[in-house]
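Residue numbers (full-length UniProt numbering), protein chains in the order written: chain S, 1 to 360; chain Y, 1 to 360; chain H, 1 to 360; chain W, 1 to 360.
Note that CB positions come from ideal geometry on N, CA and C, so glycine has one too.
Take a look at the structure set out below.
4 protein chains.
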Amino acid sequence: MDRVQIAVVGLGRMGKRHVHTLIHRTPRAHVVAVCTNQPHEIEWAQQNEEYKTFGIKLYDDYDKMLEQPGLQAVWISTSTDVHSSQTLAAMAKGKHVLCEKPLSTDLEEAQSVIDAAKGYPGLKVMAGFSRRFDASYRDAAVKILQEGAIGSPFMVRSQTCDLLDTTGFFIKYATRNGGIFVDCAIHDIDLTLWYLSDAVPKACWGVGTLQQHPELKASNDVDNAVGIVEFWGGKIAYFHCSRTQAHGHDVSTEVTGTDGKISVNLVPRMNNVVLADKRGMTHEVQPEYWQRFEMAFATEANEFVDAILHNKPVPVPMETGQKVMLIARALQDALWTGEVSRFDEAGKRIEKAATENGHA
Amino acid sequence: MDRVQIAVVGLGRMGKRHVHTLIHRTPRAHVVAVCTNQPHEIEWAQQNEEYKTFGIKLYDDYDKMLEQPGLQAVWISTSTDVHSSQTLAAMAKGKHVLCEKPLSTDLEEAQSVIDAAKGYPGLKVMAGFSRRFDASYRDAAVKILQEGAIGSPFMVRSQTCDLLDTTGFFIKYATRNGGIFVDCAIHDIDLTLWYLSDAVPKACWGVGTLQQHPELKASNDVDNAVGIVEFWGGKIAYFHCSRTQAHGHDVSTEVTGTDGKISVNLVPRMNNVVLADKRGMTHEVQPEYWQRFEMAFATEANEFVDAILHNKPVPVPMETGQKVMLIARALQDALWTGEVSRFDEAGKRIEKAATENGHA
Amino acid sequence: MDRVQIAVVGLGRMGKRHVHTLIHRTPRAHVVAVCTNQPHEIEWAQQNEEYKTFGIKLYDDYDKMLEQPGLQAVWISTSTDVHSSQTLAAMAKGKHVLCEKPLSTDLEEAQSVIDAAKGYPGLKVMAGFSRRFDASYRDAAVKILQEGAIGSPFMVRSQTCDLLDTTGFFIKYATRNGGIFVDCAIHDIDLTLWYLSDAVPKACWGVGTLQQHPELKASNDVDNAVGIVEFWGGKIAYFHCSRTQAHGHDVSTEVTGTDGKISVNLVPRMNNVVLADKRGMTHEVQPEYWQRFEMAFATEANEFVDAILHNKPVPVPMETGQKVMLIARALQDALWTGEVSRFDEAGKRIEKAATENGHA
Amino acid sequence: MDRVQIAVVGLGRMGKRHVHTLIHRTPRAHVVAVCTNQPHEIEWAQQNEEYKTFGIKLYDDYDKMLEQPGLQAVWISTSTDVHSSQTLAAMAKGKHVLCEKPLSTDLEEAQSVIDAAKGYPGLKVMAGFSRRFDASYRDAAVKILQEGAIGSPFMVRSQTCDLLDTTGFFIKYATRNGGIFVDCAIHDIDLTLWYLSDAVPKACWGVGTLQQHPELKASNDVDNAVGIVEFWGGKIAYFHCSRTQAHGHDVSTEVTGTDGKISVNLVPRMNNVVLADKRGMTHEVQPEYWQRFEMAFATEANEFVDAILHNKPVPVPMETGQKVMLIARALQDALWTGEVSRFDEAGKRIEKAATENGHA
């Protein structure tokens with residue numbers, strides 16, 4: 001039987017879910033190994049009945065894992081700071097790679113990986129932009145880009161608003177994420193570039209506020225931010241990122257064109273249940289991205305595997321992530337400096353003098 | 001002629017609202033009198049500043065009120081048992097009449113009023129079926145009957161579900177209302193006959209249950225009921241009546257045709273506000289028919305006045321109410337006897353032998 | 001690795017989907033065989049690349065398939081008329097069985113299978129009532145039965161309204177299904193018994209109409225029907241079945257209690273996309289049950305497999321289906337005869353004399 | 001009878017509607033005069049049957065109208081450029097004034113009127129911010145400001161998106177309106193100051209695009225714009241203004257706080273009707289602000305009249321408009337210059353050197 005032998009690196013919240021997706025919803029994948037250097041994750045994995053059932057080998061050393069005979073592909077779900085080095089190492093060992101977004105918060109480091117990947121034309125190297133695999137976003141893309149249902153699209157509003165995390169998990173995770181726009185708006189920017197056909201940025205500005213996570217002050221981060229991106233040619237996108245929603249994972253996108261508007265998930269719903277009682281009519285909201293996007297992750301996994309098995313192009317190349325990060329960083333700079341970030345008509349950032357944007 | 005001089009008889013919850021509608025939203029009406037024989041309503045009216053401001057005269061005697069010089073029209077909003085006699089008396093004095101539904105719970109008494117009205121061709125005599133004046137039901141009628149948006153309509157689902165009344169008001173009011181189908185399904189049946197183009201009933205059956213108002217047992221009534229009406233020619237309607245909703249006034253209608261379905265108010269909403277909080281996303285529901293239909297009452301009042309001022313046909317003739325009551329009574333009989341009520345192809349009720357449906 | 005070796009019998013629309021679910025979303029199942037005696041299904045399966053990839057053996061003889069070494073379980077997805085015999089044969093060979101609803105349109109035949117199953121206490125024999133595995137219906141059950149969110153539930157409204165099938169597929173399929181209430185309301189009745197805690201039926205009545213499928217007249221069937229079931233103790237359910245919806249698969253359920261109402265899927269939605277254009281705001285509707293319930297089928301498959309692997313009780317025993325069918329048949333009789341079907345307080349059908357309900 | 005004698009100045013689209021509101025829904029108002037100097041409006045008014053019926057006198061000279069004996073109040077609904085002078089003239093003649101927003105596009109001129117009004121303490125002088133009278137926005141205010149339903153509010157998203165006008169009416173009207181943020185975001189800014197308790201602006205930026213109305217280029221205007229306002233103390237608002245929606249008047253506001261979010265009109269609906277057909281499920285959207293806010297205008301009129309009759313403070317003082325305009329102009333400047341507009345901690349605009357923002 002023809003299945004791709006794959007390993008998942010990183011067993012945090014998301015890594016565990018990728019293993020689950022690969023086992024439960026990706027029949028052409030065969031999870032043969034997982035890897036983590038975190039003691040509590042190692043302990044958790046050692047006791048996992050399902051991993052035993054399916055014979056998944058546990059590693060605490062990434063390089064050793066790459067040596068496992070038969071291993072064909074690696075799904076990198078570690079913290080952002082090792083994405084680039086792990087991708088490079090995997091490619092060097094001839095493994096296909098799906099690396100979670102972003103490849104790096106450092107644009108130059110990311111570019112060096114992209115350049116290196118060109119040296120491995122036989123490998124499938126894919127950026128993990130999961131929303132591109134969601135049925136609703138895809139339906140929106142068909143309507144916008146193929147059917148012309150809204151005429152010429154010129155404006156995107158997109159928000160990624162997370163449920164307030166009161167467990168401390170988020171704060172621990174947030175310290176190395178590059179700032180709210182880099183961490184949180186990245187999918188919104190990706191969708192924007194998709195629906196606006198790779199529009200070229202011209203200027204952007206953003207502001208933020210710190211409402212519930214005072215710990216973020218130390219890393220100069222905020223927990224809510226709003227930004228606008230103006231593109232050359234009269235297109236506009238604006239974003240809202242939040243870590244502090246009371247009601248759940250409220251992630252929506254609207255694309256306006258000359259003849260109409262497409263909304264995706266304007267009213268988030270946990271399921272189809274509505275309770276009518278003295279308070280009125282209430283529906284629950286998904287607590288986090290997993291409930292909203294678990295099927296998208298399944299599609300992503302299957303398409304990655306399919307690209308390997310049938311030597312197809314990957315659905316989301318690494319270059320996509322680079323364009324997204326360029327804008328995310330510009331928004332982040334605007335938030336930090338208070339000044340407008342600008343780009344030339346080729347989409348190249350016009351840098352201010354160092355004294356003007358001297359953010360550490 | 002500048003304005004129609006009109007009196008409202010009955011100052012219960014609804015009568016007061018009709019006075020309000022006539023003052024606030026019916027510029028061509030001039031409320032010159034109100035009438036009630038209920039001491040607490042008399043007291044309330046005597047102290048009403050607005051009535052003083054607008055010079056509205058208060059009567060405790062209906063016949064005396066009819067003698068007021070210049071009075072042109074009467075809006076009858078008393079209890080059902082005097083609707084017929086008050087309508088007859090008003091016509092005899094040459095007054096136009098808008099009588100709340102139903103004209104009578106006794107089909108023969110109602111018919112005698114209808115017959116009598118033919119003797120006053122110059123008077124406008126109108127049945128108060130307020131939903132016919134609601135913007136949404138009218139839009140549905142346009143789509144169904146004029147635009148053919150759903151092809152040939154053949155099925156109606158309609159419900160009138162009231163908020164549980166815990167004040168005792170309802171119980172007091174309910175004793176003389178003729179049973180739940182007669183009191184509560186009458187608008188649903190009216191809408192059915194409208195959208196199904198006066199379909200002829202063939203058979204009907206219904207059941208009920210008593211959940212929250214044990215006092216209704218004395219009058220053999222229930223507080224929730226469901227009924228089906230089969231019409232000749234393959235059309236069907238089914239209804240749900242409730243007095244016990246926890247969340248508000250939940251009144252919806254769906255009409256299915258060969259090419260589509262029209263829903264009216266499937267999700268009731270108090271206003272446009274949604275609260276998202278830990279519980280999820282919540283909107284409030286109108287507590288009662290007034291919040292849902294206050295604009296319909298204004299349209300009704302204006303069209304009644306307009307019919308008088310410009311000698312137009314009334315928008316809802318008394319005969320409409322009679323067709324509705326025939327079905328309501330048949331459903332009520334089915335609920336009381338457990339047997340199917342049947343009609344011949346002319347829509348005439350086929351009576352069972354007295355021993356079979358010996359309900360008091 | 002510990003997986004259940006399973007075969008799927010019947011490769012019609014649904015059978016193919018069950019194979020898909022078992023391959024793609026049921027990691028502890030191993031589909032080792034499929035079986036059909038339909039030439040076009042055999043041909044289709046012979047050319048199926050996925051079946052080859054996963055080494056699934058194709059049979060045209062059910063008995064031979066049962067002989068396959070290692071086979072542990074059978075998923076019966078054939079036409080209703082062979083459900084009973086195939087279930088009996090599988091049990092006789094020591095195979096676990098998941099049999100699609102209904103076990104039989106003949107109540108006595110179904111009972112004989114249930115009785116026979118008692119002779120195989122080691123086998124898992126399960127009724128395929130897929131809605132019991134849907135996340136929304138389960139959430140509703142938790143809210144109603146565990147949390148008491150609506151107080152005491154006493155009324156169910158449930159509809160199964162299918163998209164009009166213009167391909168001829170439905171007509172071919174419909175001839176042996178036992179009538180619209182038996183084929184189409186069976187899930188609604190199942191949900192009712194779930195949410196009303198196995199309420200005992202007292203009386204029921206229903207009517208139908210034939211709007212779009214004149215071919216059904218030959219089998220005395222209709223394409224739209226409405227029915228009411230009254231239960232002992234003041235509970236009520238009412239149903240709408242349709243084969244002729246223009247807009248999609250519109251399947252909703254509402255449960256009303258003394259303190260509130262739970263709605264499931266009152267507004268059906270294909271996905272989270274809304275298009276706003278000159279016509280207004282539009283969302284698409286699932287075309288059929290598969291888009292609505294494909295995750296429920298996955299849960300069903302995993303729980304069946306789990307019951308086998310860990311020797312747990314099956315989530316939906318065969319007896320459940322029998323209670324459902326008793327009511328479905330009573331509604332069907334009412335539709336055919338025009339008379340009320342009645343039950344005694346033990347839920348046993350009170351038969352009318354043969355001359356009264358002389359339906360062939 | 002005690003009614004306020006009122007005149008309406010300006011019989012454009014809105015002026016006519018104000019007359020309608022005063023006649024049909026404001027029983028304590030008595031429209032005694034209207035005034036316009038536009039020939040086609042004069043002609044229209046001369047032929048208006050309703051105006052004749054209610055004895056409304058028509059003027060083409062504002063000063064003459066102010067001389068009409070008994071006139072107590074003036075509703076100014078002319079073009080913005082004469083709002084200030086007409087307000088001053090009315091006050092000088094001792095008339096109460098309701099002036100449509102904005103009082104002036106020139107902040108200093110507006111301030112001079114506000115200062116002058118202090119010389120007439122006996123007159124009611126009110127700014128026409130109609131959304132403050134809408135039932136939903138009021139309900140939101142109660143929930144946010146009184147009930148604390150969302151904790152501490154810190155973010156507002158608000159949009160005023162109009163249906164594309166293809167009649168040429170808008171273009172004619174737009175030439176003197178001060179730019180899209182001044183004309184179109186003014187209500188959104190007003191709501192923001194309401195819900196954020198008169199937060200003090202710190203910085204703002206905005207961008208625009210011209211998609212459908214090339215005629216606007218001549219006045220340096222755009223037909224879609226997005227802007228962000230940062231307030232001192234960590235509050236943020238962001239706005240979308242559009243003249244080019246395909247589907248209708250799509251005006252919504254969301255207020256986020258530490259414990260929840262309030263949405264107003266996130267899904268605009270013409271009425272309660274939904275059509276389900278082959279395309280899916282569709283509801284219509286209000287074509288313009290009138291269908292959305294006609295009841296708000298009635299409340300506004302009644303409260304203005306009530307303030308006069310009972311000598312109460314006006315519900316929206318002129319000063320409110322001034323705070324709103326300060327922000328609107330700053331956004332407009334940002335759009336025109338591409339630079340961030342900034343304010344000091346007292347909310348006073350920090351001007352850039354003339355060479356930097358040399359917009360004509």
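For Pro153 (chain W), the enclosing beta strand (DSSP E) stretches over residues 153-163. Gly338, Glu339, Val340: these are the residues of the stretch 325-345 of chain Y whose beta carbon lies less than 8 Å from some beta carbon of chain H, given in chain order. With a threshold of 16 other beta carbon atoms within 10 Å, Ser197 (chain S) falls short and is exposed.
Bounds of any alpha helix (DSSP H) do not take in Met270 (chain W), whose DSSP letter is neither H nor E. The DSSP assignment places complete alpha helix (DSSP H) segments of no fewer than 4 residues inside the stretch 266-323 of chain W at 289-309, in order along the chain.
Here DSSP, grouped into helix, strand and coil, assigns Pro201 (chain H) to strand. Listed by position along chain H, the residues whose Cβ is nearer than 7 Å to that of Glu284 (chain W) are Gly280. The beta carbon of Asp81 (chain S) lies closer than 6 Å to those of Arg176 in the same chain, with the five residues before and after it left out.
Residue contact with chain H for His247 (chain W): present (Cβ-Cβ distance below 8 Å to some residue of chain H). In the DSSP annotation of this structure, the continuous segment of the beta strand (DSSP E) that includes Val125 (chain S) starts and ends at 125-128. Between the alpha carbons of Asn224 (chain W) and Thr253 (chain S) lies a gap of roughly 18 Å. Among the bridge pairs identified by DSSP, Ser263 (chain H) is matched with S:Val274, H:Glu254. Per DSSP, the continuous alpha helix (DSSP H) segment holding Trp44 (chain S) begins and ends at 39-46. In the three-state scheme derived from DSSP, where H, G and I count as helix and E and B as strand, Gly206 (chain W) is classed as strand. Beyond the five residues adjoining it in sequence on each side, Leu88 (chain Y) comes within less than 8 Å, by CB distance, of Val113, Ala116 in the same chain, given in chain order.
Per DSSP, the beta-bridge partners of Asn224 (chain Y) are Y:Thr209, Y:Ser242. By DSSP's assignment, Leu196 (chain S) forms no beta bridge with any residue. Beta bridge pairing from DSSP links Trp232 (chain S) with no other residue. The beta carbon of Ser136 (chain S) sits closer than 8 Å to some beta carbon of chain H. In the DSSP annotation of this structure, Ser79 (chain H) is not part of any alpha helix (DSSP H), being labelled neither H nor E. A distance below 6 Å between beta-carbons, with the five flanking residues on each side excluded, links Arg157 (chain S) to the following residues of its chain, in chain order: Tyr238, Glu254. Comparing C-alpha distances from Thr337 (chain S) to each of S:Asn220, S:Ile42, S:Asp250 shows the shortest one belongs to S:Asn220.
Distance from Ala45 (chain Y) to Val34 (chain Y) at the Cβ level is roughly 6 Å; contact confirmed, criterion being Cβ atoms closer than 8 Å.
A residue is called buried once 16 or more other Cβ atoms fall within 10 Å of its Cβ, and Gln47 (chain W), having fewer, is exposed. Taking 8 Å as the cut-off, the beta carbon of Thr160 (chain S) is found closer than this to the beta carbon of Cys241 (chain S). Taking every protein chain shown into account, the CB of Gly206 (chain S) has 16 or more other CB atoms within 10 angstroms, so this residue is buried. Taken in chain order, the members of the stretch 267-278 of chain Y whose beta-carbon sits within less than 9 Å of a beta-carbon on chain S are Val267, Pro268, Arg269, Met270, Val274, Leu275, Ala276, Asp277, Lys278.
For Tyr120 (chain W), no beta strand (DSSP E) segment is defined, and its DSSP state is neither H nor E.
Judged by their CB atoms, Ser263 (chain Y) and Val274 (chain W) are nearer to each other than the 8 Å cut-off. Per the coordinates, the alpha-carbon of Val340 (chain W) lies some 29 Å from the alpha-carbon of Ala127 (chain W). Counting every other CB atom within 10 Å of its CB across the protein chains shown gives Val324 (chain W) a total of 16 or more, marking it as buried. Contact between Leu98 (chain Y) and Ile76 (chain Y) holds: CB atoms are separated by about 7 Å, below the 8 Å threshold. When DSSP states are grouped into helix, strand and coil, Ala92 (chain Y) belongs to the helix group. Among the residues of the stretch 290-305 of chain S, none has a Cβ less than 7 Å away from any Cβ of chain H. The beta carbons of Ile228 (chain H) and Ile150 (chain Y) sit no closer together than 8 Å.
By the C-beta criterion, the stretch 122-141 of chain H is judged to be in contact with the stretch 287-303 of chain H, since at least 3 inter-stretch pairs fall below 8 Å.
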